[in-house]
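Under full-length UniProt numbering, the first residue of the sequence shown is numbered 1, with each subsequent residue one higher. Yeah, the Cβ is synthetic: ideal placement off N, Cα and C, and Gly gets one too. A short write-up of the structure that comes next.
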Amino acid sequence: MAIAENYEDVLKGKYPAKAHAKKVAEWIIEKGGDKNGTIYLEAQKLKLNEDNDGEAPFRQRRYFFYLSGCELPDSYLVYEIAADKLTLFIPPVEPDEVIWSGLPMSPEEAKAKYDIDECLTTKDVNSHLASQSESAQSTIYAIPEQVSDHVTFISYKEKEFKQLKTAIEYCRVTKSDYEIALIRKANVISTAAHEAVMKAASKAQNECELEAVFLKACVERNAKNQAYHSIVAAGEHAATLHYVNNAAPISDQNLLLLDAGCEVDCYASDITRTFPVKGKFTTESLAIYKIVLDMQHQCINALKAGVVWDHVHELAHKIAIKGLLDLGILKGDAGELFNKRISVAFFPHGLGHYLGMDTHDSGGDPNYADKDVMFRYLRKRGTLPERSVITVEPGIYFCKFIIEPYLKDEEKKKYIDESVLEKYWSVGGVRIEDNVLVTKDGHENLTPTVKEIDDITQLIVSGQ
Numbered sequence: 001m002a003i004a005e006n007y008e009d010v011l012k013g014k015y016p017a018k019a020h021a022k023k024v025a026e027w028i029i030e031k032g033g034d035k036n037g038t039i040y041l042e043a044q045k046l047k048l049n050e051d052n053d054g055e056a057p058f059r060q061r062r063y064f065f066y067l068s069g070c071e072l073p074d075s076y077l078v079y080e081i082a083a084d085k086l087t088l089f090i091p092p093v094e095p096d097e098v099i100w101s102g103l104p105m106s107p108e109e110a111k112a113k114y115d116i117d118e119c120l121t122t123k124d125v126n127s128h129l130a131s132q133s134e135s136a137q138s139t140i141y142a143i144p145e146q147v148s149d150h151v152t153f154i155s156y157k158e159k160e161f162k163q164l165k166t167a168i169e170y171c172r173v174t175k176s177d178y179e180i181a182l183i184r185k186a187n188v189i190s191t192a193a194h195e196a197v198m199k200a201a202s203k204a205q206n207e208c209e210l211e212a213v214f215l216k217a218c219v220e221r222n223a224k225n226q227a228y229h230s231i232v233a234a235g236e237h238a239a240t241l242h243y244v245n246n247a248a249p250i251s252d253q254n255l256l257l258l259d260a261g262c263e264v265d266c267y268a269s270d271i272t273r274t275f276p277v278k279g280k281f282t283t284e285s286l287a288i289y290k291i292v293l294d295m296q297h298q299c300i301n302a303l304k305a306g307v308v309w310d311h312v313h314e315l316a317h318k319i320a321i322k323g324l325l326d327l328g329i330l331k332g333d334a335g336e337l338f339n340k341r342i343s344v345a346f347f348p349h350g351l352g353h354y355l356g357m358d359t360h361d362s363g364g365d366p367n368y369a370d371k372d373v374m375f376r377y378l379r380k381r382g383t384l385p386e387r388s389v390i391t392v393e394p395g396i397y398f399c400k401f402i403i404e405p406y407l408k409d410e411e412k413k414k415y416i417d418e419s420v421l422e423k424y425w426s427v428g429g430v431r432i433e434d435n436v437l438v439t440k441d442g443h444e445n446l447t448p449t450v451k452e453i454d455d456i457t458q459l460i461v462s463g464q
């Protein structure tokens, strides 16, 4: 099936909630579930800040959104598997709230907007659950801790609270055209924001100024939510993988690492670029950048449906080892360095993760208890299926906290030339991250943000 590249055309349609509901139901049935069962999910509730009458930031529950496409808080859904019927329940009009918030969406408007069969109000949910003729002999599927106290499943023979969450997590791995279009749109907006930061970098005096540039570019394109907290790390701060302080002065640091991405209708982008603040690399920073860029190019080129992600992660380490050997930072035989896991000192995280409604999306089967340090933080294990979206984000970092134990270890320190390493501490870290769609025979890079050396330097200089 061809994948549409024009996200605007695709997004003129409806979010495919019913197709997702049917997909989840089929997964449950394949695992021995009840073909006459019912799926029940709740939206996130509006909450107030503690000791305050202001609303806390709202983030829709992803499990609910996947089967509804509905961004409304305090809503419910019911999917009757055998009847293939999806019913949405939205809050009714509360007269006391209208003066403050305006009229809410009506059931008629919701039915027209969402891919559902029926829309009622939340006052109807218990009567609806009790009215299904088959319910007395069937199973209700729900997620524990996500069922309101007033909701009752008393008419159902079985209450199943284990399968549904897992089913949705695995179904989310392979994306529909609509989901791909949302991720594509988020990447286009985030690219504009990344490139705005590159143009502004040479005049910035503090990391927070550049964070503001990124946020402004997203908000003015109506992407008001960020997929995660931006990382704006100048110089040695880039050695901290999830540095989020974003408030240090920018003075003589050569590089800035920007890891940031907006969200569009609950779907994330996750992009990292590292670039010279003033538009010119140092000898050391350029050398590291070239290695990381090569790591990324080769790893992306290796992607297609059925590829084992663990093997692509290994490829990234082997390229890093070769590059660090060529620079003299590492010493010895490449194979021995790989087997001894010495490169983990410089590339301590996984090559990437699934991307979708969450930045670190579900279904990756990570093993954080893995005794092999090379794979412990790899968030996806095993083969990549067609239509999955994965980040490819190799990096090389000079983090003293991580590297110094290697230098104190009698067995490991012989592989690292400390005199050469000394010249690279100021580089901090380099990471390059794109969002890649896996296809049957290859891949498509959904991230159009510039990353080639000449393109980056020209863009930065254009803003000076």
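Go through its chain and collect everything with a Cβ distance to ARG172's Cβ below 7 Å, but skip five positions before and after it. TYR66, GLY356, MET357, ASP361, SER362, GLY363
On a Cα-Cα basis, can you pick out the residue from LYS199, PRO394, ASP177 that is closest to GLN458? LYS199
Exposed or buried, which one is MET1 when buried takes at least 16 other CB atoms within 10 Å? Because the pLDDT at MET1 is just 43, under 50, the model does not fix this residue reliably, and the value given afterwards should be weighed accordingly. Label assigned to MET1: exposed.
List the residues that DSSP assigns as beta-bridge partners of VAL292. None; VAL292 has no bridge partner.
Can you tell me whether MET1 is helix, strand or coil according to DSSP? Only weak support exists for where MET1 lies, its pLDDT of 43 falling under 50; the value from the coordinates is given anyway. Three-state DSSP puts MET1 in coil, outside helix and strand.
Output the distance between the C-alpha atoms of GLU220 and PHE214, rounded to the nearest integer angstrom. 10 Å
Tell me, to the nearest whole angstrom, how far the beta carbon of residue 493 is from that of ILE300; I am working on the premise that it is less than 8 Å. Because residue 493 is not part of the residues shown, which for the chain are 1 to 464, the question remains open.
Do you know whose CA, among ILE460, VAL389, TYR424, GLU410, lies nearest ASN445's CA? VAL389
Relative to the C-alpha of VAL373, which residue among ILE81, PRO448, ASP310, ASP9 is closest? ASP310
Less than 7 Å separating the beta-carbons of ILE288 and ILE396? yes
Does the beta-carbon of PRO276 have 16 or more other beta-carbons within 10 angstroms, so that it is buried, or is it exposed? buried
Below 7 Å between beta carbons: does that hold for LYS123 and PRO104? no
Would you please verify whether the beta carbon of ASP270 is less than 7 Å from any beta carbon of chain C? Any reference to chain C falls outside this structure, which holds one protein chain only.
According to the neighbour-count rule (16 or more other Cβ atoms, all chains shown, within 10 Å of its Cβ), is ALA345 buried or exposed? buried
Quick one: complete alpha helix (DSSP H) runs, 4+ long, within the segment 333 to 372? 334 to 339
Along the chain, where does the beta strand (DSSP E) that runs through HIS443 open and close? 443 to 445
Check whether the Cβ atoms of ILE321 and ALA167 sit closer than 7 Å, and answer yes or no. no
What does the alpha-carbon distance come out to for the pair GLY69 and LYS203? 42 Å
Going by beta-carbon coordinates alone, are VAL78 and TYR40 separated by less than 7 Å? yes
Span of the beta strand (DSSP E) around LEU258: 255 to 260
Rounded to whole angstroms, what's the CA-CA distance from LEU182 to ASP265? Just pull it up for me. 7 Å
Go ahead and label LEU48 buried or exposed: buried means 16 or more other beta carbons lie within 10 angstroms of its beta carbon, across all protein chains shown. exposed
Name the DSSP beta bridge partners of THR87, please? VAL78, GLU118
Residue nearest to VAL125 in terms of C-alpha spacing, selected from THR391, GLY350, LEU327, SER75: SER75
Helix, strand or coil at THR152 [DSSP, three-state]: coil
Could you tell me the distance, in whole angstroms, from the CA atom of ILE116 to the CA atom of VAL450? 40 Å
To which residues does DSSP link ILE271 through a beta bridge? ALA260
Taking just the CA atoms, how far does HIS317 sit from PHE338? 7 Å
Identify which residue in ALA223, ALA227, ASN225, GLU209 has its Cα closest to the Cα of ALA233. GLU209
For the 8 Å Cβ check, are there 3 or more pairs between the segment 178 to 196 and the segment 154 to 165? no
Using beta-carbon positions only, say whether LEU407 and LYS400 come within less than 7 Å of one another. no
Assigned secondary structure, VAL392 (DSSP; H/G/I helix, E/B strand, else coil): strand
Residues in the same chain with beta-carbon distance under 6 Å from ALA193, minus the five sequence neighbours each way, listed in chain order, please. PHE214, ALA217, CYS218
What do you get for ASN52, buried or exposed, if any count of 16 or more other CB atoms within 10 angstroms of its CB means buried? exposed
8 Å contact criterion, which GLY13 and GLU236 should meet: CB distance rounded: Wrong, their Cβ atoms sit about 47 Å apart, outside the cutoff.
Quick one, are the C-beta atoms of ASP34 and SER138 less than 7 Å apart? yes
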